[in-house]
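Report on the following structure.
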Amino acid sequence: MPPVTNITQTHPIAGHLDMVNKRLNDIARRLKINKLELLIMLTYPVIIILGQLIWLVAPAESSMNYFTSKKNIFNVYFVKQGWFWTTMVFGLFLFSVMRDSTVVRKQHGVISCVKKFALITTCWFFFSQWFLGMPIMDRIFVLTGGSCYNVSAEKLKNSEYFKLMDFTIEDLAEFTNQDNDYYYSSSISSRQCKSMRGRWYGGHDPSGHVFLLSLSTTFLMTQLFEFYNSITLRKKLRQFKIDTENHLKNREFVPFLKSLFLDYPIVLLLMLVGLWLWMLLNTTIYFHSLLENLAGLFFSYLASLLSFQI
Ligand SMILES: CCCCCCCCCCCCCCCC(=O)SCCNC(=O)CCNC(=O)[C@H](O)C(C)(C)COP(=O)(O)O
Ligand SMILES: Nc1ncnc2c1ncn2[C@@H]1O[C@H](COP(=O)(O)O)[C@@H](OP(=O)(O)O)[C@H]1O
Numbered sequence: 014m015p016p017v018t019n020i021t022q023t024h025p026i027a028g029h030l031d032m033v034n035k036r037l038n039d040i041a042r043r044l045k046i047n048k049l050e051l052l053i054m055l056t057y058p059v060i061i062i063l064g065q066l067i068w069l070v071a072p073a074e075s076s077m078n079y080f081t082s083k084k085n086i087f088n089v090y091f092v093k094q095g096w097f098w099t100t101m102v103f104g105l106f107l108f109s110v111m112r113d114s115t116v117v118r119k120q121h122g123v124i125s126c127v128k129k130f131a132l133i134t135t136c137w138f139f140f141s142q143w144f145l146g147m148p149i150m151d152r153i154f155v156l157t158g159g160s161c162y163n164v165s166a167e168k169l170k171n172s173e174y175f176k177l178m179d180f181t182i183e184d185l186a187e188f189t190n191q192d193n194d195y196y197y198s199s200s201i202s203s204r205q206c207k208s209m210r211g212r213w214y215g216g217h218d219p220s221g222h223v224f225l226l227s228l229s230t231t232f233l234m235t236q237l238f239e240f241y242n243s244i245t246l247r248k249k250l251r252q253f254k255i256d257t258e259n260h261l262k263n264r265e266f267v268p269f270l271k272s273l274f275l276d277y278p279i280v281l282l283l284m285l286v287g288l289w290l291w292m293l294l295n296t297t298i299y300f301h302s303l304l305e306n307l308a309g310l311f312f313s314y315l316a317s318l319l320s321f322q323i
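This is the structure we're talking about:
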């Protein structure tokens, strides 16, 4: 009888998995990152492709649901304040790690994780908020031919940056009326444009949502696995379940919240990652072109790769 171990070694699927594994190791080595970091980074192209497929298969359903409204609560209060939530959850997580006696390699891990966070925060700030004036994403938009159009005379601020629109843009015509003068500018940021009710139109507009959501989730997930492995994580979640049942059975709501925030912020971290991935899927289904989503992802990859080198 042949030895049992040969059966799995010679099985065709085992062969394929082995090949995929070698490929992943190879790519990870070339990028100077570990396999977990690579696997996390590979989830985003999968989500983007899934989003495109959902849009192709069911465009009507995709465009008429709560999550495709820009005003949905999760977009307005969570994603639009996304760095704040990521910072909060990360801070609580780090605090709990420092108090957790089961975590090993603590001091070095905590310092490098704070440095990584400082680096990706700087990248987020330069890409989406400010980069010696306009943020990088707005600079790309303007450099690729975009401008802020349809600013009416009464909303106009800093008029030296604007020119009179002596032409009409067909796509934007429904937002204008015949009796008014309208102005345009390529020297103001998307935020300033929005504040003057202008139309951000014409260029390549890398998705800020894809950038923020993928960068945040990559950071949070890699830091989670920096301090926990699947066994310690499962143990922690099991303990959380037991503690929560006890708290709720005794109607101890304040102690429950205290333990959630101070002892088990990994639960908050996993909930935030879940929300971020869900919002990312919605962004890729309905908002932006495929190329603009990929551009947002490309810049988040750059920031993550930089942080992995620390
Ligand atoms: C114990 C932990 C200590 C860690 C110490 C690290 C030291 C680093 C210091 C850095 C501190 C940073 C603190 C940051 C606090 C905040 O995040 S406040 C700002 C909150 N603002 C946001 O979150 C805005 C997020 N939104 C966006 O970026 C954009 O709206 C968007 C999502 C990119 C979309 O852009 P649109 O223009 O709307 O398309
Ligand atoms: N998942 C989502 N849910 C709701 N709105 C989203 C969204 N993803 C992107 N958007 C909206 O689509 C626009 C482009 O986003 P981005 O460039 O950041 O990817 C933004 O509109 P506003 O800027 O008018 O709020 C943003 O709010």
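So that you can map any letter, position 232 of the sequence shown is 245 in the numbering used here, and since no number is skipped, the others follow by simple counting.
Quick reminder that beta carbons are idealized off the backbone N, C-alpha and C, glycines included.
Item                                                                                                           : Value
Top-ranked residue by Cα proximity to residue 154, from 200, 279, 59, 166                                      : 200
Local Cβ density within 10 Å of residue 159, reported as buried at 16 or more and exposed below that           : buried
Range of the contiguous beta strand (DSSP E) that encloses residue 210                                         : Element bounds for residue 210: n/a, residue is neither H nor E.
Neighbour-count burial assignment, residue 212, 16 or more Cβ in a 10 Å radius                                 : buried
Cβ-Cβ distance between residue 294 and residue 66 below 8 Å                                                    : no
Backbone secondary structure at residue 129 - three-state DSSP                                                 : helix
Straight-line Cα distance separating residue 247 from residue 261                                              : 21 Å
Buried versus exposed call for residue 316 [16 or more other C-beta atoms within 10 Å across all chains shown] : buried
Member of 171, 251, 256, 291 whose CA lies at the smallest distance from the CA of residue 230                 : 291
Proximity test, residue 96 beta-carbon vs ligand 1 heavy atom, cut-off 7 Å                                     : yes
For review: beta carbons within less than 5 Å of any heavy atom in ligand 2                                    : 83, 88, 220, 221, 222, 292, 295, 296, 300
Residue nearest to residue 56 in terms of C-alpha spacing, selected from 244, 249, 234, 241                    : 234
Residue 203: CB within 7 Å of a non-hydrogen atom of ligand 1                                                  : yes
Own chain, CB closer than 6 Å to residue 129, minus 5 neighbours either side, in chain order                   : 320, 323
Cβ-based burial, residue 301 [other Cβ within 10 Å; buried from 16]                                            : buried
Extent of the continuous alpha helix (DSSP H) run through residue 286                                          : 278-299
Assigned exposure category for residue 92 - 16 Cβ within 10 Å defines buried                                   : buried
Ligand 1 heavy atom lying under 7 Å from the CB of residue 93                                                  : yes
Cross-strand partners of residue 161 (DSSP beta bridge)                                                        : 198, 213
Distance cut-off 7 Å: residue 120 Cβ against heavy atoms of ligand 1                                           : no
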